[in-house]
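**Q** For what it's worth, UniProt numbering labels the leading residue of the sequence shown as 1, then goes sequentially.
No residue lacks a Cβ here, since even glycine has one placed at the ideal position from N, Cα and C.
Predicted model, so just to flag it, every value in this text is computed and none were measured.
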Amino acid sequence: MDHRATKEADLINECGTSNKTVADVLEFVGGKISCEMEIPKIVWVKHICPGGITTTTRTIITQESYKEVAKWMDLADFLTFKATGKEVRSMCTLTCKWTFASHKMVNEKQEDNEKSVESDVPIFHQMAKGWNAEFLSHIGLVEV
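So, in structure tokens, the structure goes:
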């Protein structure tokens, strides 16, 4: 498993002790964010970008390329995209690994006025209600 974002996860968890918004988000994901979740990983990428991420042969991400990222995807969602060509997100992945409040995203087209969470979610801009902008701002990911 990828544990490079351990420091970032620890910092986010520490913020939860003094910031109610962060504490509320952490409570939703079990009281503590894991370094294996996507949000700490993106914070890690953002912080190491000034020096870039390099392989043995080339630099694969720089500060400039970080700013140009159009979308972040979990591996499962990326594989779905590659296999189907559809840009959808798994509600399970979003909720469990991205701190997305799935209970705030309801299918307004559901018959009989029943509220239900869709199993697959289209592009992020249609899901604004599920993201906690104050939380993202507090941890330094306002651009996500």
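For the alpha helix (DSSP H) containing His138, name the first residue and the last one.
**A** For the purposes of this step, residue 138 is identified with residue 138 of the sequence shown, where counting begins at 1. Start and end: Ala133 to His138.
**Q** By the three-class DSSP mapping on this structure, what secondary structure does Ser90 have?
**A** Your numbering for residue 90 matches position 90 in the sequence shown. Three-state result, Ser90: strand.
**Q** Helix, strand or coil: how does DSSP classify His3 here?
**A** By 1-based counting over the sequence shown, the position of residue 3 is 3. DSSP places His3 in coil when its eight states are reduced to three.
**Q** So what's Asn77 in DSSP terms, helix, strand or just coil?
**A** To locate residue 77, count along the sequence shown from 1; it is residue 77. Checking the displayed sequence, the identity of residue 77 turns out to be Asp instead of Asn. Three-state DSSP puts Asp77 in a helix.
**Q** Taking the alpha-carbon positions, what's the Arg4 to Asn13 distance?
**A** In the sequence shown, the residue the question calls residue 4 occupies position 4. In the sequence shown, the residue the question calls residue 13 occupies position 13. Using only the alpha carbons, I get a separation of about 16 Å.
**Q** Please classify Glu8 as buried or exposed, where buried requires at least 16 other C-beta atoms within 10 Å of its C-beta.
**A** By one-based count along the sequence shown, residue 8 stands at place 8. Buried, because 16 or more other Cβ atoms sit within 10 Å of the Cβ of Glu8.
**Q** Alpha carbon to alpha carbon, what distance is there between Thr99 and Ile33?
**A** The count along the sequence shown starts at 1 and reaches residue 33 at position 33. The count along the sequence shown starts at 1 and reaches residue 99 at position 99. For Ile33 and Thr99, the distance between alpha carbons rounds to 9 Å.
**Q** Glu143 lies in the alpha helix (DSSP H); which residues open and close that run?
**A** Taking the first residue of the sequence shown as 1, we reach residue 143 at position 143. No alpha helix (DSSP H) contains Glu143, which DSSP labels as neither H nor E.
**Q** Identify, in the order they occur along the chain, each residue of the same chain with its Cβ nearer than 7 Å to the Cβ of Trp44, setting aside the five sequence neighbours on each side.
**A** One-based indexing of the sequence shown puts residue 44 at position 44. Closer than 7 Å at Cβ, skipping near neighbours: Arg4, Ala5 and Glu8.
**Q** Would Asp74 pass as a contact of Thr95 if the rule is Cβ separation under 8 Å?
**A** Against the sequence shown, residue 74 aligns to sequence position 74. Against the sequence shown, residue 95 aligns to sequence position 95. Not closer than 8 Å, so no.
**Q** If we count the other Cβ atoms within 10 Å of its Cβ and call it buried at 16 or more, is Lys109 buried or exposed?
**A** As a position in the sequence shown, residue 109 is number 109, starting the count at 1. Unreliable placement is indicated for Lys109, whose pLDDT of 43 sits below 50; no coordinate value is reported for it.
**Q** Report yes if the CB atom of Lys97 is closer than 8 Å to the CB atom of Met1, and no otherwise.
**A** Reading the sequence shown from its first residue, position 97 is the one you call residue 97. Reading the sequence shown from its first residue, position 1 is the one you call residue 1. Contact: no.
**Q** Run the proximity test for Cys15: is its beta-carbon closer than 7 Å to any non-hydrogen atom belonging to the ligand MN?
**A** With respect to the ligand MN, the structure shown offers nothing to examine, as it has no ligands at all.
**Q** On the criterion of 16 or more Cβ atoms from any shown chain inside 10 Å, does Val142 qualify as buried, or is it exposed?
**A** Taking the sequence shown and counting its residues from 1, the one referred to as residue 142 is at position 142. With fewer than 16 other Cβ atoms within 10 Å, it is exposed.
**Q** Assuming the contact rule is C-beta atoms closer than 8 Å, Val25 and Phe135 should be a hit. Round their C-beta distance to whole Å, please.
**A** As a first step, residue 25 must be located in the sequence shown, where it is residue number 25. As a first step, residue 135 must be located in the sequence shown, where it is residue number 135. That belief holds up - the Cβ atoms of Val25 and Phe135 are roughly 5 Å apart, short of 8 Å.
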